[in-house]
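Participant:
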Amino acid sequence: MAQIKIINVVGARPNFMKIAPLMKEYLRYPEISPILVHTGQHYDYQMSESFFKSLGIKNPDYNLEVGSGTHAQQFGKIIERLEPILLKEKPNLVLVVGDVNSTAACAITAKKMNIPVAHIESGLRSFDQEMPEEINRIITDHISDLLFVSEKSGIKNLKKEGISSKKTYFVGNVMIDTLINSLPQIEKSEILKKNNLENKRIVLTTIHRPSNVDSKEKLEKILEILNKIEKNSIIVFPMHPRTKKNIELFDLMEKFKSLKNLLILDPIEYLDLIKILKNSWLVITDSGGIQEEAAFLKIPTITIRENTERPATITCGANIITGLNTKKIASQIKKISSKKYPKIKNIPLYDGKAAKRIVSIITKKYNA
Ligand code: UD1
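If you count by my numbering, then the sequence shown holds residues 80 to 447, one letter each, in order.
In structure tokens, the structure reads:
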């Protein structure tokens, strides 16, 4: 049996719940030696370490400590700092997840050194190259050797882009593995009690995309949208550092705080966030992952973006794309509040077994 050394990369908040089930699954394979590299793209306790704790992920073997900066700075630092580690460790495979800068920068570094790359969450496309994530997805997919796809649209997209079907595998969603594995701990979360949210009508909102939060106009529009939500609901808004920084920069914090039914929180750790999500009747978000987690939990979602790379969340009936169109949002909220809202269907392979499929494919490949 060949030994398989896998360097696994994480960097930003949405990566941690994607790597967790893989790190757990590797333990069942004595032939796999996993190494964990954290690029340090996210570094605040609430954006990083708290996830390692609640998801039981081992401490990273290496931390590149790249921190915040422009895209060029982040890419440059990651590439420069990962190279010596790859030279020293000589892994058989570098595995990257998702679509953040750390994902694409590490994929490029490995591939340039002729080290095979596996990409988890391949094939998602928003068809909007103004999103930095879309660029990261395209780069990463086109240089990966093993492409693990979370929803069927991904298979179609990769085929259209000319990527060989021999490299692509429809395996399901590792983030949903984490959600399913964490359900008993999520039940124990005290976050509702702590914030006096038990038995309340909760609307969860998360907003952090540069396209929504980097301009004053857009933030004012968001304020208007939140102001129109029924007053007997509590809007819970865990605020991303980018969002907070910009709301302060544009002098809008007092206006946000003046909304009586808005509860602004610091970024919250995974188990608490899912506890709130599970107990919400509506989600308003621009996050990628939350669209999927809400669809799995069958919570109606309004995505305040112009597109989604996760169309399965729409076809299953959970999600709608509205941009910041107040009329569309109001009419959807009316529909969700009425008894006529159609039943949300299951998404194929959202079954808790994606990591099992992935690791089994990797080991078969290396033992062939
Ligand atoms: C990144 C990802 C995005 C993902 C998001 C999840 C890219 C291009 N974007 O966006 O896809 O949805 O993470 O959170 O990779 N900051 C802190 N503390 C931290 C991290 C960041 O205060 O621990 C602040 C800094 O001011 C930083 C800003 O947030 O400049 C943005 O961080 P960055 O990693 O550049 O992008 P995100 O907006 O977090």
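We treat Cβ as the ideally placed atom computed from N, Cα and C, and that holds for glycine.
Note that the structure is a prediction, hence the values are computed from the model and not measured.
Relative to the ligand UD1, is the shortest distance from any of its heavy atoms to the C-beta of Y349 smaller than 7 Å?
Facilitator: By one-based count along the sequence shown, residue 349 stands at place 270. Not so, every heavy atom of the ligand UD1 lies at least 7 Å from the Cβ.
Participant: Could you check whether the region 349-363 touches the region 264-279, counting it as contact only if at least three pairs of C-beta atoms, one from each stretch, sit closer than 8 Å?
Facilitator: Short answer: they touch.
Participant: Going by the beta-carbon positions, is the gap between E348 and S129 smaller than 8 Å?
Facilitator: If you number the sequence shown from 1, residue 348 lands on position 269. If you number the sequence shown from 1, residue 129 lands on position 50. For E348 and S129, yes; Cβs fall inside 8 Å.
Participant: Report all residues from its chain with a CB closer than 6 Å to the CB of E385; omit the five preceding and five following residues, and keep chain order.
Facilitator: The residue given as residue 385 occupies position 306 in the sequence shown. Around E385: G402.
Participant: Would you list the one or two residues that DSSP bridges to L331?
Facilitator: If you number the sequence shown from 1, residue 331 lands on position 252. Its beta-bridge partners do not exist; DSSP assigns none.
Participant: On the criterion of 16 or more Cβ atoms from any shown chain inside 10 Å, does P170 qualify as buried, or is it exposed?
Facilitator: Along the sequence shown, one-based indexing puts residue 170 at 91. By the neighbour-count rule (16 or more Cβ atoms within 10 Å), P170 is buried.
Participant: Which first and last residues belong to the alpha helix (DSSP H) in which L226 is found?
Facilitator: Here residue 226 refers to the residue found at position 147 when the sequence shown is read from its first residue. Note, L226: premise wrong, no alpha helix (DSSP H); beta strand (DSSP E) at 225-228.
Participant: Hey, out of E309, P317, F335, F316, whose CA is closest to K300's CA?
Facilitator: Residue mapping note: residue 300 aligns to position 221 of the sequence shown, counting from 1. Closest option to K300, Cα to Cα, is F335.
Participant: Can you check which of these residues, I369, A184, R389, F206, is closest to V89 by C-alpha distance?
Facilitator: As a working note, residue 89 is residue 10 in the sequence shown. The residue with the shortest Cα to Cα distance from V89 is A184.
Participant: Among all the DSSP beta bridges, which residues are the ones paired with I111?
Facilitator: Your numbering for residue 111 matches position 32 in the sequence shown. I83.
Participant: Taking C-alpha atoms, which residue in K190, A189, I86, E159 lies nearest to P139?
Facilitator: Against the sequence shown, residue 139 aligns to sequence position 60. Checking every option, the nearest Cα to that of P139 belongs to I86.
Participant: Kindly identify the DSSP beta-bridge partner or partners of H319.
Facilitator: For the purposes of this step, residue 319 is taken as the residue at position 240 of the sequence shown. For H319, which the question treats as bridged, DSSP gives no partner whatsoever.
Participant: Beta-carbon separation of T364 and T392 under 8 Å?
Facilitator: Numbered from 1 along the sequence shown, position 285 holds the residue referred to as residue 364. Numbered from 1 along the sequence shown, position 313 holds the residue referred to as residue 392. Their beta carbons are not under 8 Å apart, which means T364 does not touch T392 by this criterion.
Participant: Assess, as a yes-or-no matter, whether the region 195-203 is touched by the region 226-234 under the definition of 3 or more beta carbon pairs within less than 8 Å.
Facilitator: Because the criterion of three Cβ pairs below 8 Å is met, the region 226-234 and the region 195-203 touch.
Participant: Just the C-alpha distance for F329 and P320, rounded to the nearest angstrom, thanks.
Facilitator: Locating residue 329 in the sequence shown gives position 250, where the first residue counts as 1. Locating residue 320 in the sequence shown gives position 241, where the first residue counts as 1. The alpha-carbon atoms of F329 and P320 are separated by roughly 14 Å.
Participant: Please give the ranges of any alpha helix (DSSP H) in the region 344-431, keeping only runs that are unbroken, at least 4 residues long and fully inside the region.
Facilitator: 349-357, 368-376, 391-394, 405-416
Participant: Nearest-angstrom Cα distance between N274 and M318?
Facilitator: Position 195 of the sequence shown, counted from the first residue, corresponds to residue 274. Position 239 of the sequence shown, counted from the first residue, corresponds to residue 318. If you take the alpha carbons of N274 and M318, they lie about 15 Å apart.
Participant: By how many angstroms is the C-alpha of L338 removed from the C-alpha of E240?
Facilitator: Translated into positions along the sequence shown, residue 240 becomes position 161. Translated into positions along the sequence shown, residue 338 becomes position 259. In a straight line, the C-alpha of E240 is about 46 Å away from that of L338.
Participant: Going by the C-beta, is P317 closer than 7 Å to any heavy atom of the ligand UD1?
Facilitator: Locating residue 317 in the sequence shown gives position 238, where the first residue counts as 1. Outside the cutoff, so no.
Participant: What does the alpha-carbon distance come out to for the pair K191 and I222?
Facilitator: Taking the first residue of the sequence shown as position 1, residue 191 is located at position 112. Taking the first residue of the sequence shown as position 1, residue 222 is located at position 143. One C-alpha to the other measures close to 9 Å.
Participant: Less than 8 Å between C-beta atoms, sequence neighbours within five positions excluded: which residues of the same chain meet that for L344?
Facilitator: As a first step, residue 344 must be located in the sequence shown, where it is residue number 265. Result list for L344: N274, V315, F316, P317, M318, in chain order.
Participant: Hey, would you say the C-beta of N180 is under 7 Å away from at least one heavy atom of the ligand UD1?
Facilitator: Along the sequence shown, read from residue 1 onward, the residue named residue 180 stands at position 101. Indeed, a heavy atom of the ligand UD1 lies less than 7 Å from the Cβ.
Participant: Could you work out which residue in I83, M254, P93, M80 is closest to S366 when comparing CA atoms only?
Facilitator: Taking the first residue of the sequence shown as 1, we reach residue 366 at position 287. Here the closest residue by C-alpha is P93.
Participant: Do A374 and I408 come within 8 Å of each other at the CB atom, strictly closer than that value?
Facilitator: Translated into positions along the sequence shown, residue 408 becomes position 329. Translated into positions along the sequence shown, residue 374 becomes position 295. Taking 8 Å as the Cβ cut-off, I408 and A374 do not qualify as a contacting pair.
Participant: How about I111 and I83: do their beta carbons lie closer than 8 Å?
Facilitator: Position 32 of the sequence shown, counting from 1, holds the residue named residue 111. Position 4 of the sequence shown, counting from 1, holds the residue named residue 83. Yes. Within cutoff.
Participant: Give the DSSP-derived three-state secondary structure of N142 in the structure shown.
Facilitator: As a first step, residue 142 must be located in the sequence shown, where it is residue number 63. N142 falls in the strand class under three-state DSSP.
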